[in-house]
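2 protein chains.
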Amino acid sequence: MVGSVPDETPRERLLRTASQLFYREGIHSVGVDRILSEAGVTRQTMYRHFRGKEDLVVAHLALEDATIRGLFAQASVAAKDPKELMRLIVDGIAADATRYHTRGCPFINASAEYPNPDHPVRKLVAEHREWFRTTLAAAARAAGLSDPKAVAAGLVLLRDATLIGAYLDDPKRVVHTFRNTALGLIT
Amino acid sequence: MVGSVPDETPRERLLRTASQLFYREGIHSVGVDRILSEAGVTRQTMYRHFRGKEDLVVAHLALEDATIRGLFAQASVAAKDPKELMRLIVDGIAADATRYHTRGCPFINASAEYPNPDHPVRKLVAEHREWFRTTLAAAARAAGLSDPKAVAAGLVLLRDATLIGAYLDDPKRVVHTFRNTALGLIT
DNA sequence: TAGTAGATAGAACGTTCGTTCTCCTGCTAA
DNA sequence: TTAGCAGGAGAACGAACGTTCTATCTACTA
Numbered sequence: 055m056v057g058s059v060p061d062e063t064p065r066e067r068l069l070r071t072a073s074q075l076f077y078r079e080g081i082h083s084v085g086v087d088r089i090l091s092e093a094g095v096t097r098q099t100m101y102r103h104f105r106g107k108e109d110l111v112v113a114h115l116a117l118e119d120a121t122i123r124g125l126f127a128q129a130s131v132a133a134k135d136p137k138e139l140m141r142l143i144v145d146g147i148a149a150d151a152t153r154y155h156t157r158g159c160p161f162i163n164a165s166a167e168y169p170n171p172d173h174p175v176r177k178l179v180a181e182h183r184e185w186f187r188t189t190l191a192a193a194a195r196a197a198g199l200s201d202p203k204a205v206a207a208g209l210v211l212l213r214d215a216t217l218i219g220a221y222l223d224d225p226k227r228v229v230h231t232f233r234n235t236a237l238g239l240i241t
Numbered sequence: 055m056v057g058s059v060p061d062e063t064p065r066e067r068l069l070r071t072a073s074q075l076f077y078r079e080g081i082h083s084v085g086v087d088r089i090l091s092e093a094g095v096t097r098q099t100m101y102r103h104f105r106g107k108e109d110l111v112v113a114h115l116a117l118e119d120a121t122i123r124g125l126f127a128q129a130s131v132a133a134k135d136p137k138e139l140m141r142l143i144v145d146g147i148a149a150d151a152t153r154y155h156t157r158g159c160p161f162i163n164a165s166a167e168y169p170n171p172d173h174p175v176r177k178l179v180a181e182h183r184e185w186f187r188t189t190l191a192a193a194a195r196a197a198g199l200s201d202p203k204a205v206a207a208g209l210v211l212l213r214d215a216t217l218i219g220a221y222l223d224d225p226k227r228v229v230h231t232f233r234n235t236a237l238g239l240i241t
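If you read the sequences in order, they're chains A and B.
Take 55 as the starting number for the first sequence in the working numbering and just add one per residue.
Take 55 as the starting number for the second sequence in the working numbering and just add one per residue.
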């Protein structure tokens, strides 16, 4: 078992387990049998809720996407003003790189395994990145920054590199560099 | 067949083909049969030169590593002075992202498929990245830049993000952002 | 109360995987 | 001359892959 959450339906347990395994060990490396045994769920249950493994992969990325959007909405509410939201975003990315996404970006990792840009996985990745960039640009514009698009592009660039660096290099050093550069970008 | 190069031994043809396939389509996605048929080489030939697929994967990354080191040495000779070398490095990365490594960084992509940091693949990746950063730092120091380590860290960060952005987003925009930021870093 | 949907259990399918094996040809260094 | 090695051709291996199937049990609900 990968973990446990109370009051979880088999479907939720299955998706959560699959998502964790795909992220931690790679998509093609993880077999269906492995997912089922770790989730404590039978084959029938899986094929009732998902067409196949590929559907599970897409659902995994959709879950990641929904989670990040949720965190964003949460921060938007918590922030007193647009400028504080920018700071919360930077802090959020830094925390994410050291705490949760310590194995790189799930979307980038998935793209490494799916070369075909027309594949559902790649389309979802493209949509997610597009949402992320435009959302950052809107936040930067609301904060009154002079070149919102450039700020958004810079933050996307920094976030990609930070998640990778925190995975492959020294996390503390990378996050430190990220925070300094990013804070300079949003002031 | 993936391509052809005259006066190539079966071993070289095999490794070159495998390297291209691993990079273009992902490592676990590419089977041995596929490599053999595309390279026009038999199983026996492969297993005579390599212990197995995993050896081929390591050789693929070693080839990438050697290639990049070669380009670096070439630039070092071509540069009239240390400052011009820094500019050549930035130009080289920009050209690489749009011309050759249009599917991200082979080392980062491989790391997405190999979660175990003790695995030979991951060790090779760590060594490569370590070499890259220290080499950049040495070049920055020779160019008389005030904080060579910070410059090197910044360039590594920028390169990682640029190769990803050129793969998943708009290459022209990303490379433009990279060049501007990087040139600011080395002056 | 009967019916339907979700879940469990386990066998089985055909395919692909990486690997090993045998047999044959051609070159070349001892 | 002959032994040894690189390479080609193809069969075969067991294991793992993703998927489908049948059978049984339970919970809800029309």
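All C-beta atoms, glycine included, are put in the ideal place defined by N, C-alpha and C.
* Using a Cβ cut-off of 7 Å (strictly closer), state whether G146 (chain B) contacts chain A. => no
* Asked: Three or more C-beta pairs closer than 8 Å, one from the stretch 161-171 of chain B and one from the stretch 211-231 of chain A: is that the case here?
  -> yes
* To do: Residues of the stretch 212-227 of chain A with a CB closer than 9 Å to any CB of chain B: list them in chain order, please.
  => L212, R213, D214, A215, T216, I218, G219, Y221, L222, D223 and R227
* What's the call for L237 (chain B), buried or exposed, on a 16-neighbour Cβ count within 10 Å? -> exposed
* G158 (chain A) by DSSP, collapsed to three states: which one? -> strand
* H82 (chain A) at chain B interface by Cβ criterion, 7 Å -> yes
* To do: Note the first and the last residue of the continuous alpha helix (DSSP H) segment covering P174 (chain B).
  => P174 to A196
* Residue range of the alpha helix (DSSP H) that E138 (chain B) falls in? -> P136 to R153
* To do: Compare the C-beta of A166 (chain B) with all C-beta atoms of chain A and state if any pair is closer than 7 Å.
  => yes
* Along chain A, in chain order, which residues have C-beta atoms closer than 7 Å to that of P169 (chain B)? -> R78, E79, G80 and R157
* Asked: If you draw a straight line from the alpha carbon of A206 (chain B) to that of A191 (chain B), how long is it in whole angstroms?
  -> 5 Å
* Please list the residues of the stretch 182-202 of chain B that have a C-beta atom closer than 9 Å to any C-beta atom in chain A, keeping them in chain order. => R183, E184 and R187
* At what residues does the alpha helix (DSSP H) containing R213 (chain A) begin and finish? -> P202 to L222
* To do: Just the C-alpha distance for H182 (chain B) and E79 (chain A), rounded to the nearest angstrom, thanks.
  => 22 Å
* Should the stretch 63-71 of chain B be regarded as contacting the stretch 94-111 of chain B, the criterion being three or more beta carbon pairs within less than 8 Å? -> yes
* Proximity below 7 Å, CB of H114 (chain B) to CB of F76 (chain B) -> yes
* **Sequence-distant residues of the same chain with beta carbon closer than 7 Å to P202 (chain A), five excluded per side** => A191, A194 and R195
* Candidates B:G146, B:F161 and B:L117: closest to Q284 (chain B) by CA position -> With chain B running from 55 to 241 in the structure shown, residue 284 (chain B) is simply not present.
* Would you please verify whether the beta carbon of I143 (chain B) is less than 7 Å from any beta carbon of chain A? => no
* To do: Give a yes or no on whether the C-beta atoms belonging to S91 (chain A) and H82 (chain B) are separated by under 7 Å.
  => no
* Asked: Straight-line CA distance for V59 (chain A) to R67 (chain A)?
  -> 8 Å
* Compare the C-alpha of C159 (chain A) against each of A:V112, A:L142, A:V179 and A:I89 and name the closest. => A:V179
* Is L208 (chain A) buried or exposed, if buried means 16 or more other CB atoms sit within 10 Å of its CB? -> A small correction: the amino acid at residue 208 (chain A) is Gly; Leu does not occupy that position in the sequence shown. The residue in question, G208 (chain A), is buried, as its Cβ has 16 or more Cβ neighbours within 10 Å.
* Got a sec, what are the start and stop residues for the alpha helix (DSSP H) Y77 (chain B) sits in? -> P64 to E79
* Answer yes or no: does any C-beta atom of chain B fall closer than 7 Å to that of T231 (chain A)? => yes
* Asked: Shorter than 7 Å from the beta carbon of A129 (chain B) to some beta carbon of chain A?
  -> no
* For a contact meaning CB atoms closer than 9 Å, what does A133 (chain B) contact in chain A? -> Near A133 (chain B) there are no residues of chain A at all, since even the closest Cβ is about 26 Å away, more than 9 Å.
* Taking C-beta pairs closer than 9 Å, name the residues in chain B that V179 (chain A) reaches, listed in chain order. => L222
* To do: Please confirm if A207 (chain B) has its CB atom under 7 Å from at least one CB of chain A.
  => yes
* To do: Please go through the same chain and pick out, in chain order, the residues whose beta-carbon is closer than 6 Å to the beta-carbon of L142 (chain A), but skip the five residues on each side of it.
  => A129 and A133
* Asked: Where does the unbroken alpha helix (DSSP H) through F232 (chain B) begin, and where does it stop?
  -> P225 to L239
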